[in-house]
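Colleague: The following block contains the structure, expressed as structure tokens.
Number of protein chains: 2
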Amino acid sequence: MKNAIVGQSGGPTAAINATLAGVIEGAAVAQKQGKIGHLFGMQNGMEGLLEGRMRELDFLFSDTEGRELLSHTPASALGSCRMKLPSDPNDTLYDRLFKVLEAHAIGYVFYIGGNDSMDSTAKLTAAAAARQKDIRVIGVPKTIDNDLCGTDHTPGYGSAAKYIATVTSEVLCDCAVYTKKAVTIIEVMGRDAGWLTAAAGLSALNGPAPDYIYLPEVPFSLDGFLRDVNTALEKHPNVVVAVSEGVRTGEGRYVGEAAQSGVKDAFGHTYLSGAGKTLELLVREKIGCKVRSVELNLPQRCAGHLLSRVDIQESLAIGRAAVAYAMAGESGRMMVFVRERGEEYAVKIASADVSEIANGVRTVPRSYINEQGNGLTPACLTYLAPLVCGEVNIEYRQGLPCHFRFR
Amino acid sequence: MKNAIVGQSGGPTAAINATLAGVIEGAAVAQKQGKIGHLFGMQNGMEGLLEGRMRELDFLFSDTEGRELLSHTPASALGSCRMKLPSDPNDTLYDRLFKVLEAHAIGYVFYIGGNDSMDSTAKLTAAAAARQKDIRVIGVPKTIDNDLCGTDHTPGYGSAAKYIATVTSEVLCDCAVYTKKAVTIIEVMGRDAGWLTAAAGLSALNGPAPDYIYLPEVPFSLDGFLRDVNTALEKHPNVVVAVSEGVRTGEGRYVGEAAQSGVKDAFGHTYLSGAGKTLELLVREKIGCKVRSVELNLPQRCAGHLLSRVDIQESLAIGRAAVAYAMAGESGRMMVFVRERGEEYAVKIASADVSEIANGVRTVPRSYINEQGNGLTPACLTYLAPLVCGEVNIEYRQGLPCHFRFR
Chain A
1 MKNAIVGQSG GPTAAINATL AGVIEGAAVA QKQGKIGHLF GMQNGMEGLL EGRMRELDFL
61 FSDTEGRELL SHTPASALGS CRMKLPSDPN DTLYDRLFKV LEAHAIGYVF YIGGNDSMDS
121 TAKLTAAAAA RQKDIRVIGV PKTIDNDLCG TDHTPGYGSA AKYIATVTSE VLCDCAVYTK
181 KAVTIIEVMG RDAGWLTAAA GLSALNGPAP DYIYLPEVPF SLDGFLRDVN TALEKHPNVV
241 VAVSEGVRTG EGRYVGEAAQ SGVKDAFGHT YLSGAGKTLE LLVREKIGCK VRSVELNLPQ
301 RCAGHLLSRV DIQESLAIGR AAVAYAMAGE SGRMMVFVRE RGEEYAVKIA SADVSEIANG
361 VRTVPRSYIN EQGNGLTPAC LTYLAPLVCG EVNIEYRQGL PCHFRFR
Chain B
408 MKNAIVGQSG GPTAAINATL AGVIEGAAVA QKQGKIGHLF GMQNGMEGLL EGRMRELDFL
468 FSDTEGRELL SHTPASALGS CRMKLPSDPN DTLYDRLFKV LEAHAIGYVF YIGGNDSMDS
528 TAKLTAAAAA RQKDIRVIGV PKTIDNDLCG TDHTPGYGSA AKYIATVTSE VLCDCAVYTK
588 KAVTIIEVMG RDAGWLTAAA GLSALNGPAP DYIYLPEVPF SLDGFLRDVN TALEKHPNVV
648 VAVSEGVRTG EGRYVGEAAQ SGVKDAFGHT YLSGAGKTLE LLVREKIGCK VRSVELNLPQ
708 RCAGHLLSRV DIQESLAIGR AAVAYAMAGE SGRMMVFVRE RGEEYAVKIA SADVSEIANG
768 VRTVPRSYIN EQGNGLTPAC LTYLAPLVCG EVNIEYRQGL PCHFRFR
């Protein structure tokens, strides 16, 4: 009987461990049904797998409390990596990978991650096929960016969106207290897709919302921005805008480019920072009123103390489903959410060809952005709203959240 | 029968509205006892009072749900101001203030705020005395900075500390996932006092803690910082430090001074930013590993979604007590917390002469900081721990927190 292995890869989210817990639950069922032997976890994804660093996860099959704590713990409990696998399926690196997998009689690989991890999933599938290995590979999506193709949304997005919308509503409270003209610029993560920044607009569902929201899907005009801010300042003293870190001018230059570090990651992505800071300096220079920028920063992807219940439940479910799909014979697939039609929000879980998903970017459709390019349409809020619904009661000890840790 | 008025002033906190709710509860009792007529609220503190902008708050006397929602709503529901009252008690500005107060038959003034607001409280008391006005003035402390003299701690600090400690523990989860050497610098608010930065160390009570914590109370050495970071990098790849925005070198220069805006507020405070960013650039240049800085920013003072139950309950209690003290004849006093001796945490509420408190700064005692000046002592954690205890269930609608708003 073959064993299974699960790995986590890419940037942390607040829900990636819920998906890991879901895979563990699915594997527990498969083991009970006599379909798999053991479940292993890669330490630090493919990077650790190559070095044979793995741990057995069977001990969590019967530990309901441990899995619950895991599912509320932010970031990747198994560790992560940012490793690009070779494009050539015959590369010797794959020989080393399969050697490790075969040494542990592994027949099922589950890889939880975002775009780059789906690239790894597709390549591992191709390498297995090239060598006629009987190993099934399933990608399980996670990314706060919500930018994976082929799925209605991604696990991890809902919790990030809930944090962003909540903090935006709180910053709006904070900014409302003074009578002096002031501009507050909230900078939200999102390199190419504006989904996270759009979440700032959700605050409208239960109170005030930012005056303007700027997504990277629409070319950003510095003049247009100053016009917008001046228009808002004529209406009320406390202007709040949300802006994506990835906004670019019509010529394709990042607005924050002046503040760029020039550093690139293993995938050639430019590290961004500074759109908010750049616009802060612009307002100070051109308008001259009080102005500050607030970069929401890391808590957007790791604020495990504020989870979307919908997100955590779906993240668990998609992990369980991944195992069921692998047991049913699927491979080279990424698990996806398909939103059901109808008034009530509901999703079903399906799968899609991972090689067609990897390296694509699903951006915010133009129909979700208003004509002026500085706000959202009602259709956008209708899409976003169900994803942040529900709260999760997490465990605290001495006033601090409890987190799962492997010993 | 005289009326009462309450105002909020200075920077927002997540608990300042709980104190307002407490004053309202206290006033409801006083009204029932026939001691006061109505309770008014200043809109935008003294600034609004001067312009006669106020609202009646009696409608909240019987609205338990409204007061509860108010007590969980961040920032100042009545609006705030940053207004420095004249030092000369005979200044004509006071004539205008007393004219407004007398027009509304106000005999009791409650002013909720931090250091600068206690300065206003002391000056208003002196101006009332100079004119032999029968108006009692009570200051009620609030500040996330925890830097007011004469009190064990300040309302608002506990919730800010809980947010900082929680996010620190989550950032530690986030940083632990990769195997590559990386330094993360968490920049925490606190101009002169390190109480907020110290709160990052609370994460040790329920998991890992930052490698080093740097408070403004100890002169900061750039060389010492680099030595610390290198020492930690030898032990593990993911180094996390917490640093106060206000750290200064031995010569008294702010570490973030290079990034200063040069702007000063009405009280002559320099706007700070950039200690974290400065240290990030230093590590990149001198050590060369991956490095990032995370400025916790505004959510430190307005994250109403993560409140300390101890803080909110105490904030309510000190507001109620303020009214009781005024009814008992006190004036020119600030309400304070006195921590009881003994194993179990308990505070009693008392009052102190506000003129002796205003404009002082209570910093972190040297005995709370380790000998090397880069961490906390157990005594510090013992002091801090009870203040973040307990959670508050706040109300959500459509996945977003509900906030109180005056119509």
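Residue numbers (my numbering), protein chains in the order written: chain A, 1 to 407; chain B, 408 to 814. Even for Gly, the Cβ is constructed at its ideal location relative to N, Cα and C.
Restricting to Cα atoms, I'd like to know which of Val23/A, Thr125/A, Ala198/A, Val100/A is closest to Thr377/A.
Modeller: That would be Ala198/A, whose Cα lies nearest to the Cα of Thr377/A.
Colleague: Can you find the residues in the same chain that come closer than 8 Å, C-beta to C-beta, to Val430/A, ignoring five residues on each side of it along the sequence?
Modeller: Only positions 1 to 407 of chain A appear in the structure, and residue 430/A is not among them; the question remains open.
Colleague: Consult DSSP for Thr19/A and reduce its assignment to one of helix, strand or coil.
Modeller: Helix, per DSSP.
Colleague: Give the residues from the segment 468 to 481 of chain B that approach chain A closer than 7 Å (Cβ to any Cβ), ordered along the chain.
Modeller: Within the segment 468 to 481 of chain B, the qualifying residues are Thr480, Pro481.
Colleague: Could you name the residues of the segment 199 to 232 of chain A whose beta carbon sits closer than 7 Å to any beta carbon of chain B, in the order they occur along the chain?
Modeller: The segment 199 to 232 of chain A vs chain B, Cβ under 7 Å: Leu202, Ser203, Leu205, Asn206, Gly207.
Colleague: Kindly say whether Arg503/B, judged by its beta-carbon, lies nearer than 8 Å to any beta-carbon of chain A.
Modeller: With 8 Å as the cut-off, Arg503/B does not count as an interface residue toward chain A.
Colleague: Which same chain residues, not among the five before or five after Gly79/A, have their C-beta less than 6 Å away from its C-beta?
Modeller: Correct list, in chain order: Gln43, Asn44.
Colleague: Since Val662/B and Ala682/B should fall inside the 8 Å C-beta cutoff, what is the C-beta to C-beta distance between them, to a whole number of angstroms?
Modeller: Indeed they touch by this definition, with Cβ atoms about 5 Å apart.
Colleague: Determine the direct distance from the alpha carbon of Ala326/A to that of Lys2/A, and round the result to whole angstroms.
Modeller: Their backbone Cα atoms lie some 12 Å apart in a straight line.
Colleague: Cβ atoms of Phe406/A and Arg55/A: under 8 Å apart, would you say?
Modeller: Yes; because the gap between Cβ atoms is below 8 Å, this pair is in contact.
Colleague: Using the C-alpha atoms, what's the distance from Asn90/A back to Gly48/A?
Modeller: Their Cα atoms are separated by approximately 20 Å.
Colleague: Three-state secondary structure (DSSP) at Leu39/A?
Modeller: Strand, per DSSP.
Colleague: Along the segment 138 to 166 of chain A, where does the CB come closer than 7 Å to a CB of chain B? Name the residues.
Modeller: Correct list: Lys162, Ala165, Thr166.
Colleague: To the nearest angstrom, how far is it from the Cα of Lys657/B to the Cα of Met490/B?
Modeller: Looking at the sequence provided, one finds Gly at residue 657/B rather than Lys. C-alpha separation (whole angstroms): 33 Å.
Colleague: Let me see if you follow: with CB-CB separation under 8 Å, is Asn238/A close to chain B or not?
Modeller: False, the Cβ-Cβ gap to chain B never drops below 8 Å.
Colleague: Look at the alpha carbon of Lys693/B and the alpha carbon of Val336/A, and state the distance between them as a whole number of angstroms.
Modeller: The alpha-carbon atoms of Lys693/B and Val336/A are separated by roughly 45 Å.
Colleague: Ignore the nearest five residues each way along the sequence and tell me which others in Lys540/B's own chain have a CB closer than 7 Å to its CB.
Modeller: These residues qualify, in order along the chain: Phe505.
Colleague: Could you pull the start and end residues of the beta strand (DSSP E) that Ile494/A belongs to?
Modeller: With chain A covering only 1 through 407, there is no way to say anything about residue 494/A.
Colleague: Which term fits His403/A, buried or exposed, when burial requires 16 or more other beta carbons within 10 angstroms of its beta carbon?
Modeller: Classification of His403/A: buried, given that the 10 Å Cβ count is 16 or more.
Colleague: Excluding the five sequence neighbours on either side, which residues of its own chain have a C-beta within less than 8 Å of the C-beta of Tyr803/B, listed in chain order?
Modeller: Cβ neighbours of Tyr803/B beyond the five flanking positions: Cys809.
Colleague: According to DSSP, simplified to helix, strand and coil, what is Phe674/B?
Modeller: Bear in mind that the predicted position of Phe674/B carries a pLDDT of just 49, short of 50, making it too unreliable to give a figure here.
Colleague: Under 7 Å between beta-carbons, which chain A residues line up against Tyr803/B? List them in chain order, please.
Modeller: Here the neighbours are Glu391.
Colleague: Distance cutoff 8 Å, beta carbons only. Does Gly726/B sit that close to anything in chain A?
Modeller: So no, Gly726/B is outside the interface.
Colleague: Flag this pair as yes or no: are the beta carbons of Leu457/B and Val507/B separated by less than 8 Å?
Modeller: For Leu457/B and Val507/B, yes; Cβs fall inside 8 Å.
Colleague: Below 8 Å on C-beta distance, what does Cys81/A contact in chain B?
Modeller: What Cys81/A touches in chain B: Tyr585, Thr586.
Colleague: What span of residues does the beta strand (DSSP E) with Thr408/A cover, start to end?
Modeller: Lying outside 1 to 407, the shown extent of chain A, residue 408/A is not represented and no answer is given.
Colleague: Of the residues Thr92/A, His236/A, Phe110/A, which one's Cα is nearest the Cα of Thr19/A?
Modeller: Taking only the C-alpha atoms, the option nearest Thr19/A is Phe110/A.
Colleague: At which residues does the alpha helix (DSSP H) containing Phe98/A begin and terminate?
Modeller: Segment 92 to 103, the alpha helix (DSSP H) holding Phe98/A.
Colleague: How many Å lie between Leu39/A and Gly319/A at the Cα?
Modeller: When rounded, the distance between both Cα atoms is 13 Å.
Colleague: Would Phe267/A count as contacting chain B if we go by Cβ distances under 8 Å?
Modeller: Because Phe267/A sits at a pLDDT of 49, beneath the cut-off of 50, its placement in the model cannot be relied upon, and the following sentence gives the value as read from the coordinates. False, the Cβ-Cβ gap to chain B never drops below 8 Å.
Colleague: Could you list which residues in chain A have their beta carbon closer than 8 Å to that of Gly711/B, in chain order?
Modeller: The answer, in chain order, is Glu170, Cys173.
Colleague: Does the contact criterion of 3 or more C-beta pairs under 8 Å hold for the segment 563 to 572 of chain B versus the segment 416 to 432 of chain B?
Modeller: Contact holds: three or more Cβ-Cβ distances are below 8 Å.
Colleague: For chain B, is any of its Cβ atoms less than 8 Å away from the one on Leu93/A?
Modeller: Output row for Leu93/A: interface = no.
Colleague: Is it buried or exposed for Gly695/B, if we count other Cβ within 10 angstroms and need 16 for buried?
Modeller: By the neighbour-count rule (16 or more Cβ atoms within 10 Å), Gly695/B is not buried but exposed.
Colleague: Would you tell me roughly how many angstroms separate the C-alpha atoms of Ile389/B and Pro299/A, rounded to the nearest one?
Modeller: It is not possible to answer for residue 389/B, since the shown part of chain B is limited to 408 through 814.
Colleague: Taking Cβ to Cβ, would you say Val795/B is nearer than 8 Å to Ala568/B?
Modeller: Yes, Cβ-Cβ distance for Val795/B and Ala568/B is below 8 Å.
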